[in-house]
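Notes to accompany the following structure.
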Amino acid sequence: MHAITLATVLAGALSVEASPLQHAKRVLMGRLDDGAHEIEHKFQPLTDFDTDGCYYTSAIDKDGNTNRGLSQKDVYFKGLAADCRDPNRLENNNVYSRRRCNNGWCAIMYEYYFEKDQIVWGTIGGGPGNGHTHDWENIVVFVQGEDVKRVAPSCHGDYKHATNEPRLDGQRAKVVYHKDGGETHCWRMANEADDQVENYTGQWFIGNLVGWDNWPVVNGRSLRDYLFDAWNGGVGPKFWDNDNKFTDNLRKAAGDGAPGFDPAVDE
Numbered sequence: 452m453h454a455i456t457l458a459t460v461l462a463g464a465l466s467v468e469a470s471p472l473q474h475a476k477r478v479l480m481g482r483l484d485d486g487a488h489e490i491e492h493k494f495q496p497l498t499d500f501d502t503d504g505c506y507y508t509s510a511i512d513k514d515g516n517t518n519r520g521l522s523q524k525d526v527y528f529k530g531l532a533a534d535c536r537d538p539n540r541l542e543n544n545n546v547y548s549r550r551r552c553n554n555g556w557c558a559i560m561y562e563y564y565f566e567k568d569q570i571v572w573g574t575i576g577g578g579p580g581n582g583h584t585h586d587w588e589n590i591v592v593f594v595q596g597e598d599v600k601r602v603a604p605s606c607h608g609d610y611k612h613a614t615n616e617p618r619l620d621g622q623r624a625k626v627v628y629h630k631d632g633g634e635t636h637c638w639r640m641a642n643e644a645d646d647q648v649e650n651y652t653g654q655w656f657i658g659n660l661v662g663w664d665n666w667p668v669v670n671g672r673s674l675r676d677y678l679f680d681a682w683n684g685g686v687g688p689k690f691w692d693n694d695n696k697f698t699d700n701l702r703k704a705a706g707d708g709a710p711g712f713d714p715a716v717d718e
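Residue numbers for the sequence shown follow our numbering, beginning at 452 and rising by one.
Written as structure tokens, this is what we have:
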């Protein structure tokens, strides 16, 4: 498998970035340390990003500060990937996971944060329908034992690209963040041509994983709660229990492709 991890990214950062001027001017968010259940690490997808989209990055730092994203004052007459596709975004990335297991199945939701979601060149939010600050998209992986049985990448609040025949490298699905025609960005399953990887590392990327049970505590409060305060609706992550978000999204992701799996039950 040709994949790259955060440690490799950091080791090669100086050779990739000839000058600090390649960084976006605003201050970057720090990332959380990697920590998740073994099964969540084992089946974490391999990701890439078409050139007209952002890299995912960290949504919250170790002090509980949440990412303010890229707004109209940042993205003023710029391209779709402007200021959000610098190598330092991947160097400071996190992926956030939660699993639900029952009846021989485990469904693992991997949530990814992007600082903006822009449709056309110009000013984000500057005209009707030109995207928005912040984007959260997830990938749900359904496994039985050691086998990946179904992969459901989110796209505009649905899972229209879900499949029981995903392209795999070992036990990891290959998934690409792309521009969905005339709409905003979302995940799609990779095809053979996508092995010509387009992110700056030149390899499929595996992010720094933070599992549901592994969130750090600051001042007696889980950073997961800080994240909830910032994003518990709208374009936020879908692994929350409020309004049955986690259950409902697992149900949509499963469709009829995970018979016997109960999206509402933890064993």
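For glycine and all other residues, C-beta sits at the position ideal for the given N, C-alpha and C.
Considering only A533, R601 and P714, the residue with the shortest C-alpha distance to T502 is A533. Proximity to N543 across D620, I657 and D717 peaks at I657, based on C-alpha coordinates. In the structure shown, the three-state DSSP call for F494 is coil. Segment contact: the stretch 476-493 against the stretch 633-644, fewer than three CB-CB distances shorter than 8 Å; contact not assigned.
Only residues of its own chain outside the window of five on either side were considered, and among them G711, F712 and D713 have a CB closer than 7 Å to the CB of N554, listed in chain order. Counted as a single uninterrupted DSSP element, the alpha helix (DSSP H) harbouring F679 occupies residues L674 to A681. Taking a C-beta distance under 9 Å as the contact criterion, D499 and W655 qualify as a contact pair. R549 places its beta carbon 9 Å or farther from that of W682. In the three-state reduction of the DSSP assignment, L521 falls in the coil class. Going by C-alpha positions, P604 is about 22 Å away from Y651.
A residue is called buried when at least 16 other Cβ atoms come within 10 angstroms of its Cβ; E597 does not meet this threshold and is exposed. With contacts defined by Cβ atoms closer than 9 Å, I511 and L479 do not form a contacting pair. One alpha carbon belongs to C557, the other to K600, and they sit about 10 Å apart.
The residue from K513, S509 and D514 with its alpha-carbon nearest to that of N539 is S509. In this structure, D646 and V627 do not form a Cβ contact; the two beta carbons are roughly 11 Å apart against a cut-off of 8 Å. Sequence-distant Cβ neighbours of P667 in its own chain, meaning closer than 7 Å and more than five residues away, are L483, K513 and L674. DSSP, read as helix, strand or coil, puts A704 in helix.
DSSP places L660 outside any alpha helix (DSSP H); the residue lies instead in the beta strand (DSSP E), whose first and last residues are L660 to G662.
Judged by DSSP in its simplified three-state form, R540 adopts helix.
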